[in-house]
Amino acid sequence: MVLRSVVLGFALSLLIAVPARATDTLEALVSVLHLPKLIGVMREEGLRQGEDIRQDLFEGRAAPGWSQAVSRAHDAEAMLDTLKGGLERGMTLEQMDASVAFFRSTIGARIVDLEVSARQARLDETVEEASIRLLEQMQADGAPRLALLEEFSEANDLVEANVAGALNSNYAFLRGMSDGGAFGEALTEGWMLRETWVQEPEIRAETREWVLSYLAMAYASLSEEDLRRYLEFSGTPAGRALNAALFSGYEEMFVAISYKLGLAVARDLAGDDT
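Residue numbering for the sequence shown follows this note's numbering, starting at 19 and increasing by one per position.
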């Protein structure tokens, strides 16, 4: 009886220890990827896009309550929690450990710094335009570096995943507008899907340019050897799982935000600024 109690106690301690270790590893991964800082940049991007929506849909008028609605939709804590959920669901503990180890290495830490810094710098339109000109020059020169960036993009499914995420977000925005009564009556799913897919070629072209110009800027100071080491990690089980989990989290996050913005547009058009 005493032995049985000892065994049960040991088993229970393992059940408690495993979730605690998983939580610690998840938090370590979030930290080495600088996700809180990245979310801050994405929130700022979202607030600016909200202003673009106001200009387009409300013809620049004040739109009472719109800014607050955009800010609420881009709640940084909720955005980060969604990303954490994607990582937790999409990765094993071993894959998280391997990812933490890579991004804690000298090259891994440098890569994250470059990625986040480039994303933040591109909030400045002149910087974004300069990165696009850099890409265009590389394309005109037939720069060998461009082939490596394209290989990296394809290995990580950057264009396809971003296009899919954008289409799903646009659909969610229309669904939010429809559910909020912006069109007087609910739109059919078929109509919303057609309206969404009509945008696919333009979204794909813009996404490809954004991805490659971002990579060209972010990795400009990386040697070919370092970039290939990153590419090699991306092809490991841990690297593939991390990439898929992040995109899953991003898509869930942006779909939720887009739906809320669609609802907010509908309410504003109806004169309800709650």
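The beta carbon of each residue, even a glycine, is placed where N, CA and C say it ideally should be.
Can you give me the C-alpha to C-alpha distance between residue 164 and residue 234, rounded to a whole angstrom?
In the sequence shown, counting from the first residue as 1, residue 164 sits at position 146. In the sequence shown, counting from the first residue as 1, residue 234 sits at position 216. Computed Cα separation, rounded: 8 Å.
Which same chain residues, not among the five before or five after residue 275, have their C-beta less than 7 Å away from its C-beta?
In the sequence shown, residue 275 corresponds to position 257, counting from 1. Around residue 275: 64, 91, 92.
Per-residue burial, residue 36 [other beta carbons within 10 Å of its own, 16 or more giving buried]
Reading the sequence shown from its first residue, position 18 is the one you call residue 36. Confidence in residue 36 is poor, its pLDDT being 48 and thus under 50, which makes the residue's placement unreliable; the coordinate value appears in the next sentence. Counting Cβ neighbours within 10 Å, residue 36 comes out exposed, since fewer than 16 surround it.
Helix, strand or coil at residue 74 according to DSSP, with G and I counted as helix
The count along the sequence shown starts at 1 and reaches residue 74 at position 56. Three-state result, residue 74: helix.
Return helix, strand or coil for residue 113, following the three-state DSSP convention.
The residue given as residue 113 occupies position 95 in the sequence shown. Three-state result, residue 113: helix.
Buried or exposed: which applies to residue 216, given that a residue is buried once 16 or more other Cβ atoms fall within 10 Å of its Cβ?
In the sequence shown, residue 216 corresponds to position 198, counting from 1. Label assigned to residue 216: exposed.
For chain C, check one thing: does any of its Cβ atoms lie closer than 8 Å to the Cβ of residue 182?
The structure shown contains no chain C; it is built from a single protein chain.
Rounded distance between the beta-carbons of residue 268 and residue 194, thought under 8 Å
On the sequence shown, position 176 is the one that residue 194 refers to. On the sequence shown, position 250 is the one that residue 268 refers to. With 8 Å as the limit, residue 194 and residue 268 do not qualify as a contact, their Cβ atoms being about 18 Å apart.
So, are the CB atoms of residue 197 and residue 281 less than 8 Å apart?
Stepping through the sequence shown from its first residue, residue 197 is reached at position 179. Stepping through the sequence shown from its first residue, residue 281 is reached at position 263. The answer is yes: Cβ separation under 8 Å.
Could you check what DSSP says for residue 274 in three-state terms: helix, strand or coil?
On the sequence shown, position 256 is the one that residue 274 refers to. Residue state, collapsed to three classes: helix.
Exposed or buried, which one is residue 201 when buried takes at least 16 other CB atoms within 10 Å?
Here the question's residue 201 lines up with position 183 in the sequence shown. Residue 201 comes out exposed.
Output the distance between the C-alpha atoms of residue 61 and residue 279, rounded to the nearest integer angstrom.
Along the sequence shown, read from residue 1 onward, the residue named residue 61 stands at position 43. Along the sequence shown, read from residue 1 onward, the residue named residue 279 stands at position 261. Whole-angstrom Cα-Cα distance: 14 Å.
Report yes if the C-beta distance between residue 256 and residue 136 is below 8 Å; otherwise report no.
As a working mapping, residue 256 is identified with position 238 in the sequence shown. As a working mapping, residue 136 is identified with position 118 in the sequence shown. No, the pair does not count as a contact, with Cβ atoms beyond the cut-off.
Would you say residue 118 and residue 56 are within 8 Å of each other, going by their C-beta atoms?
Here residue 118 refers to the residue found at position 100 of the sequence shown. Here residue 56 refers to the residue found at position 38 of the sequence shown. No, the pair does not count as a contact, with Cβ atoms beyond the cut-off.
To the nearest angstrom, how far is it from the Cα of residue 152 to the Cα of residue 238?
Position 134 of the sequence shown holds residue 152. Position 220 of the sequence shown holds residue 238. Going from the Cα of residue 152 to the Cα of residue 238 covers about 10 Å.
Alpha carbon to alpha carbon, how far is residue 176 from residue 229?
Counted from its first residue, the sequence shown places residue 176 at position 158. Counted from its first residue, the sequence shown places residue 229 at position 211. Residue 176 and residue 229: Cα-Cα distance of roughly 7 Å.
Leaving out the 5 sequence neighbours to the left and right, which residues in its chain are closer than 6 Å to residue 226 when beta-carbon positions are compared?
Counting from one through the sequence shown, the residue named residue 226 turns up at place 208. Excluding residues within five positions, the ones whose Cβ falls inside 6 Å are 177.
Less than 7 Å between C-beta atoms, sequence neighbours within five positions excluded: which residues of the same chain meet that for residue 44?
To locate residue 44, count along the sequence shown from 1; it is residue 26. Correct list, in chain order: 102, 105, 106, 114.
Taking the alpha carbon of residue 248 as the reference point, which residue from 192, 199, 170 has its own alpha carbon closest?
In the sequence shown, the residue the question calls residue 248 occupies position 230. Checking every option, the nearest Cα to that of residue 248 belongs to 170.
Option in 99, 74, 110 with minimal Cα separation from residue 54
Along the sequence shown, one-based indexing puts residue 54 at 36. Closest by alpha carbon: 99.
Which same chain residues, not among the five before or five after residue 116, have their C-beta less than 6 Å away from its C-beta?
The count along the sequence shown starts at 1 and reaches residue 116 at position 98. Only 256 meet the Cβ criterion.
Helix, strand or coil for residue 216 per DSSP?
By 1-based counting over the sequence shown, the position of residue 216 is 198. Of the three classes helix, strand and coil, the one that applies to residue 216 here is coil, per DSSP.
Output needed for residue 3: all residues of its chain with C-beta closer than 6 Å, excluding positions within five of it in sequence on either side, in chain order.
This structure leaves residue 3 out entirely; the chain is present only between 19 and 292.
Would you kindly work out how many angstroms separate the C-alpha atoms of residue 154 and residue 286, rounded to a whole number?
As a position in the sequence shown, residue 154 is number 136, starting the count at 1. As a position in the sequence shown, residue 286 is number 268, starting the count at 1. If I take the Cα positions, the gap works out to 40 Å.
Got a sec? Which residues, its chain only, sit under 8 Å from residue 294 by beta carbon, not counting five neighbours each side?
Examination of residue 294 is not possible in this model, given that the chain is present from 19 through 292 alone.
Would you mind stating whether residue 187 and residue 273 have Cβ atoms separated by less than 8 Å?
Numbered from its first residue, the sequence shown carries residue 187 at position 169. Numbered from its first residue, the sequence shown carries residue 273 at position 255. Contact flag set, yes.
Which whole-angstrom value describes the C-beta separation of residue 122 and residue 50, a residue pair presumed to lie in contact below a C-beta threshold of 8 Å?
Working through the sequence shown from its first residue, we reach residue 122 at position 104. Working through the sequence shown from its first residue, we reach residue 50 at position 32. The Cβ separation is near 6 Å, so the contact holds.
Taking a contact to mean a Cβ-Cβ separation below 8 Å, would you say residue 221 touches residue 181 in this structure?
Counting from 1 along the sequence shown, the entry for residue 221 is found at position 203. Counting from 1 along the sequence shown, the entry for residue 181 is found at position 163. Yes.
Using the Cβ count rule (16 or more neighbours within 10 Å means buried), how would you classify residue 211?
By one-based count along the sequence shown, residue 211 stands at place 193. Exposed, since its Cβ has fewer than 16 Cβ neighbours within 10 Å.
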